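One structure is given below, encoded as structure tokens.
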Amino acid sequence: MSIELNNTEISDKITPSDNNVNLSDDSNLLENRVFDDSKIAKLNGIRSQGLNPYPYKFEKNGDICEILKKFDDFEQNEGSTVRTAGRLYNIRKLGKMIFADLGDQGGRIQVTLRKGNLPDENFNTFKNFVDSGDIIGIQGELFRTKRGENSISVSEFSLLSKSLCALPEKFHGLKDIETRYRKRYLDLIVNAEKREIFVMRSKLISEIRRYLTDREFLEFETPVLQTVYGGANARPFMTFHNCLGQNLFLRIAPELYLKRLVVGGYEKVFEICKNFRNEDIDTTHNPEFTMIEVYEAYMDYNDMMDLTEGLISELVFKLTGGYEVKMGENTINLRSPWKRISMEDALKEYAGLDVFAHSLEELKKIAIENRIEDYEKAKTYGEFLALLFEGLVEDKLINPTFIYDFPVENSPLAKNHRSKEGFVERFELFLNGWELANGYSELNDPLEQERRFEEQDKKRKLGDLEAQTVDYDFINALGFGLPPTGGMGLGIDRLTMILAGLESIKEVILFPQMKRED
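Okay, here's the thing in structure tokens:
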């Protein structure tokens, strides 16, 4: 359960009763069912014939995609027998002939049932009790209709699952966006092109793993429930563990645990994980999201930029066959090399603004004139640099661009810059005006890390709900020695959006967070 945090600091006074869900109250768990009465009547009719509408198994000898390939050499395969299964769409009943589309995860094919080609009893069962949406298994022969449509002439069929909910109307399909997100299973049933998005996402994650494991990185799992949250500036979700009698936080980042592993002796580590941040929901943010974090000992932020560029370039080529992707009116070119520019120089190039040539009061006026939010929080040149960059430059970064050298004020986990006072060795990667990746030369000075955490904690106690807390165990881990290390975090949801050319994060998350319907 998430709770609202007050304006000063996180409460320590949650009790178990505050977090108990009444499992006997169905309104907390279920919406009203939407079964179709006519389908229930057909279900009862099937059972009255002694048939099981939900059998245990069906043996196939091919998926529909494999069957369709047989038509590439139709002369050799005409009349061959196939056994397959899938969901029925668009049933057309024409007297002694029935036509329907049978679909599985790989494709659709027309099936025909002719009275006389299968027993009358079976034909009548199909005609009277089977609907669009039902899942059936069939056996039959391959043929082409007079119009040249690839088809299967059915000689046997088995009802495998009787659907009790009606599919959307044939010609209009499921187009209501909110329904598509709330009932993703229905979206996937009727919108085959939406299934392809998540096929791409699955392949994307597999290719990320392959890329890193081929380079001898090890994948680990770190805690989702944490006693101290950290690794990013974000507002957490909090819950209470009854047995331990203490507050726990849902992970906002795996960073501090993965760096503990580098302290322990693993030199190349990564984790693909779910993170949770109690923040706004919009087209590029979901409170539950997926990312990968990667750490490599004896490397710095320059090496992490190289790793990020190589990884994404190869992913794009493998999954799309090229280096260009379309986002709205923009064509994004991901072919290496990518642009790299400091935050200070980017502000000069894209906004014509040299932060350090102005007084703080002048920078405040510039922020107000450009309607930049939260300008009152900026007190230093570094804070104004980050604020004005976000407000004036980010949305102009369409092609992949590394922005590097951040002010120390908003980078509590990055190492001080080796040659620029007041800055840290940090980068962010931008595409389509979005932040896609973030990386550092990791701070490994335990005393400096303690000081930075304490500065963050002061901000948190003054009302900054996204400031980090002090993790003394992590500081102690640094005390045993973290080698020079480069780290990088990459958002998988946003990367999928880029590859699929989509503008909403809800399109690439199977079950996005939605406000509960009354």
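In this note's numbering, each residue's number is its place in the sequence shown (first place is 1) plus 6. All C-beta atoms in this analysis are idealised placements derived from N, C-alpha and C, irrespective of residue type, glycine included. Predicted model only: the values in this text are computed from it and were never measured.
Query: Cys71 by DSSP, collapsed to three states: which one?; Result: helix
Query: In terms of residues, what are the limits of the alpha helix (DSSP H) holding Gly397?; Result: 387 to 398
Query: Mapping the DSSP letters down to three states, classify Gly92 as helix, strand or coil.; Result: strand
Query: In terms of residue numbering, what span does the beta strand (DSSP E) encompassing Tyr217 cover?; Result: From DSSP, Tyr217 is part of no beta strand (DSSP E) but of the alpha helix (DSSP H) over 198 to 219.
Query: Could you tell me which uninterrupted beta strand (DSSP E) segments, each at least 3 residues in length, are contained entirely in the stretch 434 to 495, listed from first to last along the chain?; Result: 440 to 447
Query: Once the 5 residues before and after Asn83 are set aside, which same chain residues still bring their CB inside 8 Å of it?; Result: Lys76, Phe77, Leu148
Query: Suppose contacts are defined by Cβ-Cβ distances below 9 Å. Is Tyr235 in contact with Gln474 by that definition?; Result: yes
Query: Can you tell me where the beta strand (DSSP E) holding Asn339 begins and where it ends?; Result: 336 to 339
Query: Could you have a look at Asp411 and say whether DSSP puts it in helix, strand or coil?; Result: strand
Query: When you compare only the Cα positions, how much space is there between Gln462 and Asn416?; Result: 9 Å
Query: Ordered along the chain, which non-local residues of its own chain (more than five positions away) have a Cβ less than 6 Å from that of Phe480?; Result: Leu262
Query: If you draw a straight line from the C-alpha of Phe276 to the C-alpha of Asn123, how long is it?; Result: 58 Å
Query: Who does Met244 pair with in a DSSP beta bridge?; Result: Phe255
Query: Hey, how far is the Cα of Gly497 from the Cα of Thr185?; Result: 26 Å
Query: Could you spell out the range, first to last residue, of the alpha helix (DSSP H) harbouring Gly316?; Result: 307 to 326
Query: Please report how far the alpha carbon of Asp43 lies from the alpha carbon of Lys402, in whole angstroms.; Result: 55 Å
Query: Is the number of C-beta pairs between the stretch 65 to 72 and the stretch 84 to 96 that are closer than 8 Å three or more?; Result: yes
Query: Quick one: any contact between the stretch 433 to 446 and the stretch 367 to 380, if contact means 3 or more CB pairs under 8 Å?; Result: no
Query: Would Asn284 and Met297 be called neighbours here (beta carbons separated by less than 9 Å)?; Result: no
Query: Sort Asn96, Lys209, Asp140, Asp193 by Cα distance to Leu505 and report the nearest one.; Result: Lys209
Query: Under 8 Å by Cβ, that's how I've got Lys45 and Ser212 pegged, so tell me the actual separation to the nearest angstrom.; Result: Not a contact, Cβ separation roughly 38 Å.
Query: If you draw a straight line from the C-alpha of Leu325 to the C-alpha of Met206, how long is it?; Result: 7 Å
Query: Under DSSP, the alpha helix (DSSP H) around Ser167 begins and ends at which residues?; Result: Premise fails: Ser167 lies in the beta strand (DSSP E), 156 to 167, not in any alpha helix (DSSP H).
Query: Glu375 bridges to which residues according to DSSP?; Result: None; Glu375 has no bridge partner.
Query: State buried or exposed for Glu533, treating a residue as buried only when at least 16 other CB atoms are found within 10 Å of its CB.; Result: This structure cannot settle anything about residue 533, because the visible part of the chain is limited to 7 through 524.
Query: Can you list, in chain order, the residues of its chain whose CB lies under 6 Å from that of Ile195, leaving out five sequence neighbours each side?; Result: none
Query: Residue range of the alpha helix (DSSP H) that Ile504 falls in?; Result: 498 to 506
Query: Between the Cα of Leu156 and the Cα atoms of Gly113, Thr131, Phe163, which residue gives the shortest distance?; Result: The residue asked about is misnamed: residue 156 is Asn in this sequence, not Leu. Of the candidates Gly113, Thr131, Phe163, the one whose C-alpha sits nearest the C-alpha of Asn156 is Gly113.
Query: Quick check on the burial criterion: 16 or more other C-beta atoms within 10 angstroms. Buried or exposed for Thr2?; Result: Nothing can be reported for residue 2: it is not among the residues displayed for the chain, which extend from 7 to 524.
Query: Ends of the alpha helix (DSSP H) at Ile46?; Result: 43 to 54
Query: Measuring CB atoms only, is the stretch 349 to 361 touching the stretch 375 to 395, in the sense that at least three cross pairs come out at less than 8 Å?; Result: yes
Query: Suppose the cutoff is 8 Å on Cβ atoms and the five residues either side in sequence are ignored; what does the same chain contact list for Arg266 look like?; Result: Phe480, Ala483
Query: Measuring only the C-alpha atoms, how far is Leu145 from Asp137?; Result: Reading off the sequence shown, one finds Gln at residue 145, where the question assumed Leu. So the alpha carbons of these two residues sit roughly 18 Å apart.
Query: Using 10 angstroms around the beta-carbon of Asp24, count the other beta-carbons present and answer buried if the total reaches 16, otherwise exposed.; Result: Because Asp24 sits at a pLDDT of 39, beneath the cut-off of 50, its placement in the model cannot be relied upon, and the following sentence gives the value as read from the coordinates. Result: exposed.
Query: If you follow the alpha helix (DSSP H) that Phe129 is in, where does it begin and where does it stop?; Result: 126 to 135
Query: Pro61 and Ser164: beta carbons closer than 9 Å?; Result: yes
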